[in-house]
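**Student:** Position one of the sequence shown corresponds to residue 1 (UniProt numbering), numbered consecutively onward.
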Amino acid sequence: MAESRLVGPVRIVGVGLLGTSVGLGLRDRKIETILADASPTNLRIAIDYGAGRAAKPGDLPQLIVVCVPPDVTAEIVARELEAYPGAIVTDVASVKLAPLAELRERGADISRYIGSHPLAGREKGGPLSGRADLFIGRPWVVAAHDAISYQQAGAIDDLILDLGAILVEMTPEEHDLGVALVSHVPQVISTLMARRLTGAAHSSLNLAGQGLRDVTRVAASDPDLWVQILGANAGPVRDVLLAYRDDLDRFIDALEDPDAPGAQRQVAEELAGGNVGVARLPGKHGQDRRFSSMIVMVNDQPGQIARLLNDIGELGVNLEDLRLEHSPGAQIGLAEISVLPGAVTRLTEELAARGWRIAG
């Protein structure tokens, strides 16, 4: 393991999923971590898991990472800035403009504060969900402002790099607009789609495939947290939703009379626009490389997925992505594997020769 950039100690305020994961990741790099949390139970769990030690009088942290809900982020950051005048402070809230504005209103010393946001998480929260590798390869935004120098903010860059994340520099405005589009609005849309399922007949739900599960996956997220996030970033989220409503209206109008002149063309253009949007998403490792998919039928028995992956490896094909879907009412699964387009034909033939059933 390379030498750590941070010196430490690092004080972590709030030991939920993100705070505990920061502590575990830093402890893996032998950096002293200090934990604080309003919940004695959460604090004890995080300590027992090895994320750090409890705070004590006389602590002199190099860096403070505030990992608390958005509605109290500015309050806690201000308190930490005052309590530890020699430390740099960051937070990991998913909005960046609101905390900075509140800190300015409070008259806090923002020359020692810069907001940041790791785009990493899990559906489950709390210290029990913490993982030392949670941030590896994930974007971590640093939302710079004019009141802090690059040299002072260096400790935050060191934190991000030590945890294996990818440092992304943005202004607070750019950040909040970006997460509205790629995170906050998808949460709203996923939630609204999932709400359509509450009164649906069981016979309809039994038809659900991986597409519906993909769309509704994040609808299982914590409502209390998302009320805070959406409230703090209401303007950008509303703007995207208004444009989304216009998109829906065009679809609805076209489907009102599918045989009307131009109706099918309108639907086709909307669908094609979705293809263009998906194509703009970065591929594996952020590369602009597109992959082809094939579906392999897998018996629902122990060791079958391992055997499939082993066969793919023996054939010298690099597996770019893997998704599993269970077939309703049958003891089989569908493994959708993504590979480079040039490998599809050979892989299909070779897997079939080894006894695998290829769907489609």
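Think of the CB as a built atom: it goes at the ideal place given N, C-alpha and C, for glycine as much as any other residue.
(1) What do you get for residue 367, buried or exposed, if any count of 16 or more other CB atoms within 10 angstroms of its CB means buried?
(2) Considering only DSSP beta bridges, list what residue 36 is partnered with.
(3) For residue 171, tell me which candidate among 108, 310, 140, 265 has the shortest Cα-Cα distance.
(4) Select from 184, 154, 36, 314 the residue whose C-alpha is nearest the C-alpha of residue 62.
(5) Is it buried or exposed, residue 202, if we count other Cβ atoms within 10 angstroms and call 16 or more buried?
(6) Any idea if residue 276 is buried or exposed, counting beta-carbon neighbours within 10 angstroms, 16 or more meaning buried?
(7) In the DSSP assignment, what are the bridge partners of residue 116?
(8) With residue 310 as the anchor, note down where its alpha helix (DSSP H) starts and where it stops.
(9) Within this structure, are the beta carbons of residue 279 and residue 267 separated by less than 8 Å?
(10) Taking all protein chains shown into account, do 16 or more other C-beta atoms lie within 10 angstroms of the C-beta of residue 12, making it buried, or fewer, making it exposed?
(11) Suppose the cutoff is 7 Å on Cβ atoms and the five residues either side in sequence are ignored; what does the same chain contact list for residue 286 look like?
(12) Can you give me the Cβ contacts of residue 343 inside the same chain, cut-off strictly under 6 Å, excluding the 5 residues immediately before and after it?
(13) What residue from 45, 354, 325, 125 has the CA that sits closest to residue 213's CA?
(14) Mind checking whether residue 70 and residue 229 have CB atoms under 8 Å apart?
(15) Nearest CA to the CA of residue 29: which residue from 219, 133, 222?
(16) With a cut-off of 8 Å on the beta carbons, I'd call residue 236 and residue 180 a contact; round off their distance for me.
(17) If we require 4 or more residues per run, which alpha helix (DSSP H) segments fall completely within the region 64-90?
(18) By DSSP, does residue 321 sit in helix, in strand, or in coil?
(19) How long is the line joining the alpha carbons of residue 40 and residue 217, rounded to whole angstroms?
(20) Compute the distance between the beta-carbons of residue 97 and residue 146, then report whether it is under 8 Å.
(21) Would you check if there are 3 or more beta carbon pairs closer than 8 Å linking the region 67-87 to the region 100-108?
(22) Alpha carbon to alpha carbon, what distance is there between residue 90 and residue 151?
(23) Spatial neighbours of residue 185 within its chain, please: C-beta separation below 8 Å, excluding the five flanking residues on both sides.
(24) Just grab the DSSP bridge partners of residue 54 for me.
(25) Where does residue 160 sit, in a helix, a strand or coil, going by DSSP?
(26) Short of 6 Å in beta carbon distance, which residues of its chain neighbour residue 36, apart from the five on each side in sequence? Order them along the chain.
(27) Taking all protein chains shown into account, do 16 or more other C-beta atoms lie within 10 angstroms of the C-beta of residue 192, making it buried, or fewer, making it exposed?
(28) Going by DSSP in three states, residue 166 sits in which element: helix, strand or coil?
(29) Does the beta-carbon of residue 345 have 16 or more other beta-carbons within 10 angstroms, so that it is buried, or is it exposed?
(30) Residues bridged to residue 357 by DSSP?
(31) Just verifying my parser: in three-state terms, what is the DSSP assignment at residue 338?
(32) Look at residue 118 and residue 49 and say whether their C-beta atoms are less than 8 Å apart.
(33) Let me know the secondary structure DSSP gives residue 274 once reduced to three states.
(34) With H, G and I counted as helix, E and B as strand and the rest as coil, what does DSSP make of residue 110?
(35) Restricting to Cα atoms, I'd like to know which of 227, 115, 109 is closest to residue 73.
(36) Ordered along the chain, which non-local residues of its own chain (more than five positions away) have a Cβ less than 7 Å from that of residue 173?
**Tutor:** Quick answer:
(1) Outside the modelled stretch of the chain, which goes from 1 to 360, sits residue 367, for which no answer is possible.
(2) For the purposes of this step, residue 36 is identified with residue 36 of the sequence shown, where counting begins at 1. Note: residue 36 sits in a beta bridge opposite 13.
(3) Within the sequence shown, residue 171 is the residue found at index 171, counting from 1. Checked all of 108, 310, 140, 265; the closest Cα to residue 171 is 140.
(4) The sequence position of residue 62 within the sequence shown is 62, counting from 1. Residue 154 is the option with its Cα nearest to residue 62.
(5) For the purposes of this step, residue 202 is taken as residue 202 along the sequence shown, with counting starting at 1. Exposed: under 16 other Cβ atoms inside 10 Å.
(6) Along the sequence shown, read from residue 1 onward, the residue named residue 276 stands at position 276. Residue 276 is exposed by the Cβ-count criterion.
(7) Indexing the sequence shown from 1 puts residue 116 at position 116. Its beta-bridge partners are 142.
(8) On the sequence shown, residue 310 is found 310 positions in, with the first residue counted as 1. Its alpha helix (DSSP H) spans residues 304-314.
(9) Taking the first residue of the sequence shown as position 1, residue 279 is located at position 279. Taking the first residue of the sequence shown as position 1, residue 267 is located at position 267. Their beta carbons are not under 8 Å apart, which means residue 279 does not touch residue 267 by this criterion.
(10) Reading the sequence shown from its first residue, position 12 is the one you call residue 12. Per the 10 Å Cβ criterion, buried.
(11) As a position in the sequence shown, residue 286 is number 286, starting the count at 1. Confidence at residue 286 is low in this model, with a pLDDT of 47, below 50, so the placement of that residue is unreliable and no value is reported for it.
(12) Counting from one through the sequence shown, the residue named residue 343 turns up at place 343. Only 317 meet the Cβ criterion.
(13) Here residue 213 is taken as the residue at index 213 of the sequence shown, counted from 1. Measuring from the Cα of residue 213, the nearest candidate turns out to be 325.
(14) In the sequence shown, the residue the question calls residue 70 occupies position 70. In the sequence shown, the residue the question calls residue 229 occupies position 229. The answer is yes: Cβ separation under 8 Å.
(15) Here residue 29 refers to the residue found at position 29 when the sequence shown is read from its first residue. The residue with the shortest Cα to Cα distance from residue 29 is 133.
(16) For the purposes of this step, residue 236 is identified with residue 236 of the sequence shown, where counting begins at 1. For the purposes of this step, residue 180 is identified with residue 180 of the sequence shown, where counting begins at 1. Yes, residue 236 and residue 180 are in contact; Cβ-Cβ is about 4 Å, under 8 Å.
(17) 70-83
(18) In the sequence shown, residue 321 corresponds to position 321, counting from 1. Residue state, collapsed to three classes: strand.
(19) For the purposes of this step, residue 40 is taken as the residue at position 40 of the sequence shown. For the purposes of this step, residue 217 is taken as the residue at position 217 of the sequence shown. Approximately 31 Å between the Cα atoms of the pair.
(20) On the sequence shown, position 97 is the one that residue 97 refers to. On the sequence shown, position 146 is the one that residue 146 refers to. Result no, Cβ atoms of residue 97 and residue 146 do not sit closer than 8 Å.
(21) yes
(22) Counting from 1 along the sequence shown, the entry for residue 151 is found at position 151. Counting from 1 along the sequence shown, the entry for residue 90 is found at position 90. The straight-line gap from Cα to Cα measures roughly 14 Å.
(23) The count along the sequence shown starts at 1 and reaches residue 185 at position 185. Closer than 8 Å at Cβ, skipping near neighbours: 237, 240, 241, 244.
(24) Counting from 1 along the sequence shown, the entry for residue 54 is found at position 54. Paired residues: 35.
(25) Numbered from its first residue, the sequence shown carries residue 160 at position 160. DSSP places residue 160 in helix when its eight states are reduced to three.
(26) Taking the first residue of the sequence shown as 1, we reach residue 36 at position 36. Same-chain partners within the cutoff: 13, 55.
(27) If you number the sequence shown from 1, residue 192 lands on position 192. With fewer than 16 Cβ atoms within 10 Å of its Cβ, residue 192 is classed as exposed.
(28) Translated into the one-based positions of the sequence shown, residue 166 becomes position 166. Note: residue 166 maps to strand in three-state DSSP.
(29) As a position in the sequence shown, residue 345 is number 345, starting the count at 1. Under this definition residue 345 is an exposed residue.
(30) Here the question's residue 357 lines up with position 357 in the sequence shown. In DSSP, residue 357 forms a bridge with 297.
(31) If you number the sequence shown from 1, residue 338 lands on position 338. Strand.
(32) One-based indexing of the sequence shown puts residue 118 at position 118. One-based indexing of the sequence shown puts residue 49 at position 49. The answer is no: Cβ separation not under 8 Å.
(33) Here residue 274 corresponds to residue number 274 of the sequence shown, with the count starting at 1. The answer is helix: DSSP assigns residue 274 an H, G or I state.
(34) Numbered from its first residue, the sequence shown carries residue 110 at position 110. Looking at residue 110 - three-state DSSP - the assignment turns out to be helix.
(35) As a working mapping, residue 73 is identified with position 73 in the sequence shown. Residue 115 is the option with its Cα nearest to residue 73.
(36) For this step, residue 173 is matched to residue 173 along the sequence shown. 97, listed in sequence order.
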